[in-house]
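Numbering (the working numbering), first residue to last: 554 to 652.
Virtual Cβ for every residue (Gly too), placed ideally from N, Cα, C.
What you are looking at is a predicted structure, and each value in this text was computed from that prediction instead of being measured.
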Ligand code: FES
């Protein structure tokens with residue numbers, strides 16, 4: 554079990570191991586999409602690259618980056634993830650809509 558802390562929103566939620574980061578954010582009313590992503594996101598299939606979040610603590614508690622992330626995040630800092638591709642297995646701190 555791990556807490557997911559959404560830093561900008563100042564909200565901490567409890568997640569079971571194996572929880573999907575995008576799903577947990579949406580379930581808890583955390584907005585992870587910028588305008589374009591809100592309208593055009595792929596629904597969590599790793600195809601749009603709009604669900605980018607920054608992990609400021611607990612990167613080691615997440616699943617390893619997927620192929621989709623390697624593709625979309627090639628030029629981004631190493632602590633950026635696609636929320637829909639990220640499985641949470643322990644405490645993490647997340648910044649939504651980085652940049
Ligand atoms: S929601 Fe489309 S890549 Fe994550």
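Check the C-beta distance from residue 606 over to residue 634 and give it rounded, since I have them as a contact under 8 Å.
For the purposes of this step, residue 606 is identified with residue 53 of the chain shown, where counting begins at 1. For the purposes of this step, residue 634 is identified with residue 81 of the chain shown, where counting begins at 1. That belief holds up - the Cβ atoms of residue 606 and residue 634 are roughly 6 Å apart, short of 8 Å.
Does the count of Cβ pairs from the region 628–648 and the region 598–615 closer than 8 Å reach three?
Counting Cβ pairs under 8 Å, three or more are found: they touch.
Do residue 642 and residue 614 have their C-beta atoms within less than 8 Å of each other?
Reading the chain shown from its first residue, position 89 is the one you call residue 642. Reading the chain shown from its first residue, position 61 is the one you call residue 614. Against a cut-off of 8 Å, the Cβ pair of residue 614 and residue 642 comes out as a contact.
Leaving out the 5 sequence neighbours to the left and right, which residues in its chain are closer than 6 Å to residue 619 when beta-carbon positions are compared?
Taking the first residue of the chain shown as 1, we reach residue 619 at position 66. The residues are 638.
Since residue 611 and residue 644 are thought to touch, with beta carbons under 8 Å apart, how far apart are those beta carbons, to the nearest angstrom?
Locating residue 611 in the chain shown gives position 58, where the first residue counts as 1. Locating residue 644 in the chain shown gives position 91, where the first residue counts as 1. Residue 611 to residue 644, Cβ: 5 Å. Contact.
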